[in-house]
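The opening residue of the sequence shown carries number 1 in full-length UniProt numbering; numbering runs sequentially from there.
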Amino acid sequence: MEGIQVKANYHTHTRRCMHAVGSDEDYVKSAIKSGFDVLGFSDHTPWKYESDFKANMRMPLSQFQDYYQSISSLREKYKDQIEILIGLECEYYPKYMDWLKQFLKDEKIDYILFGNHYQKTDEIHRYYGRICKDAESLNAYVEDAIAGMETGLYSYLAHPELFMRCYPKFDEACREASIHICEAAKRLHIPLEYNLAGLAYNEQMHTEEYPHHCFWEIAAEMECDAIVGVDAHDNQDLENSGRWQRAHEYLNSLHMHVLDHIEPHYFGK
Numbered sequence: 001m002e003g004i005q006v007k008a009n010y011h012t013h014t015r016r017c018m019h020a021v022g023s024d025e026d027y028v029k030s031a032i033k034s035g036f037d038v039l040g041f042s043d044h045t046p047w048k049y050e051s052d053f054k055a056n057m058r059m060p061l062s063q064f065q066d067y068y069q070s071i072s073s074l075r076e077k078y079k080d081q082i083e084i085l086i087g088l089e090c091e092y093y094p095k096y097m098d099w100l101k102q103f104l105k106d107e108k109i110d111y112i113l114f115g116n117h118y119q120k121t122d123e124i125h126r127y128y129g130r131i132c133k134d135a136e137s138l139n140a141y142v143e144d145a146i147a148g149m150e151t152g153l154y155s156y157l158a159h160p161e162l163f164m165r166c167y168p169k170f171d172e173a174c175r176e177a178s179i180h181i182c183e184a185a186k187r188l189h190i191p192l193e194y195n196l197a198g199l200a201y202n203e204q205m206h207t208e209e210y211p212h213h214c215f216w217e218i219a220a221e222m223e224c225d226a227i228v229g230v231d232a233h234d235n236q237d238l239e240n241s242g243r244w245q246r247a248h249e250y251l252n253s254l255h256m257h258v259l260d261h262i263e264p265h266y267f268g269k
C-alpha cells in the first residue's frame, strides 16, 4: 500500500462498551497475527454524569480502572511484539469538558478519538446516527464536530460523516456540511477517519451510509489528511486484511494523504 510504513489501528473497543465481543487479549493476538505494529485501545469513554443516567453503550466510570489495568498488563506482556496504547473514544459534551480534561491528565491517557455520537450529552438520547434527517439536526452535528475539533484534545475525527447513517440522501445540505467539517479539519490539522466498521456495514447491507464516497471526494478535493480506523468491536475485525486493503486502495485512488500513524498526546505525562 502506497506510503504505508507502519501498520497501526487506533480504533479498538472492548466488551465493556456492551456492544463488542472478545477479550482484550484476543484483540492483541489478532493484531499481532495481522501484522499490526501499533494497536490503540479506544473504548467509549465513561462520563461523570450530573444526573443518575446510565449509558448502555459505554463502560461506567466504575469499570475504568479494570480497563486501564488490563490494557497496561497486555502492553507489558506483548511489548516485544507490538506497541499498545491506552486511549478512549470521546464525544464533545460542553458541560463535561473540564471534567474530561482533568480525567485524561489524572489517568495519563495516551490519546483520544473524537466520536461525535450525541448532541451535547447522551443523557437526552439525541444520537446523531438517528436524528440527522433534516438541515437543522445536520447543522447541529457540524457545529459540535467543529467545536470539538477546536479543543485540540482529539487525535482524529472518527466516522466524520456519521450523519449519513440516517440522512435520506447525500444532498446539497450534506455537501455544505461536509465542506464545513473538512475546512475545519484542514485548518486544525486533524485527520479524518475512513471507518472500516461502517464499510463492513455498507458491504453487508448493500447500502452506502458511512463511509460515503461523496464525503471522501470532498475531503480529497480539500486536501484533508485521512487515516484508516478498524473500529473493531470483534477481534476478528482486525484480521480482515481485505477490507483494510480496499480502504487504502480507495483513498489512494483519490490521491489523498493517508497517515499510517498518529502522535499520541500522552496526557498528564
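From the three backbone atoms N, C-alpha and C, an ideal C-beta is built for every residue, glycine too. Bear in mind the structure is a predicted one, so any value in this text is a computation, not a measurement.
Using 8 Å as the threshold, is the C-beta distance between residue i and residue j below it?
i, j, result
"Asp110", "Ile86", "yes"
"Ile190", "Met149", "yes"
"Leu196", "Asp231", "yes"
"Thr14", "Tyr67", "yes"
"Tyr58", "Cys17", "For clarity, residue 58 is Arg in the given sequence; the question names Tyr instead. Closer than 8 Å, so yes."
"Thr12", "Phe41", "yes"
"Glu209", "Leu254", "no"
"residue 274", "Trp99", "The structure shown does not extend to residue 274, since the chain is modelled only from 1 to 269, so the question has no answer here."
"Leu199", "Ala247", "yes"
Assuming residue i and residue j are in contact, meaning their beta carbons sit under 8 Å apart, how far apart are those beta carbons, in whole angstroms?
i, j, result
"Glu239", "Lys33", "6 Å"
"Ser137", "Ile262", "30 Å between Cβ atoms; not a contact."
"Ala8", "Asp260", "6 Å"
"Val28", "Ile84", "7 Å"
"Cys90", "Gly115", "7 Å"
"Leu157", "Glu193", "6 Å"
"Met164", "His212", "5 Å"
According to DSSP, what are the bridge partners of residue i?
i, result
"His44", "Glu89"
"His257", "Asp225"
"Thr12", "Ala232"
"Leu157", "Phe114, Leu192"
"Glu83", "Val38"
With a CB to CB cut of under 7 Å and the five nearest residues on each side skipped, what residues in its chain are close to residue i?
i, result
"Thr94", "Reading off the sequence shown, one finds Pro at residue 94, where the question assumed Thr. Result list for Pro94: Lys120, in chain order."
"Ala147", "Tyr92"
"Ser51", "Glu123"
For residue i, collect the residues of the same chain with a Cβ closer than 6 Å to its Cβ; drop the 5 residues on either side in sequence, then sort them by chain order.
i, result
"Ala220", "Leu254, Met256"
"Gly268", "Lys105, Lys108"
Suppose the cutoff is 8 Å on Cβ atoms and the five residues either side in sequence are ignored; what does the same chain contact list for residue i look like?
i, result
"Ile82", "Val28, Ala31, Ile32, Phe36, Asp37, Val38, Leu39"
Just list the beta strand (DSSP E) runs in the segment 104-144, keeping only unbroken ones of 3 residues or longer that don't cross its boundaries, in chain order. 111-114
What runs of the alpha helix (DSSP H), each 4 residues or longer, lie entirely inside the segment 33-81? 64-77
Would you mind listing the beta strand (DSSP E) stretches within the segment 187-221 that are 3+ residues and don't spill past its ends, in chain order? 192-195
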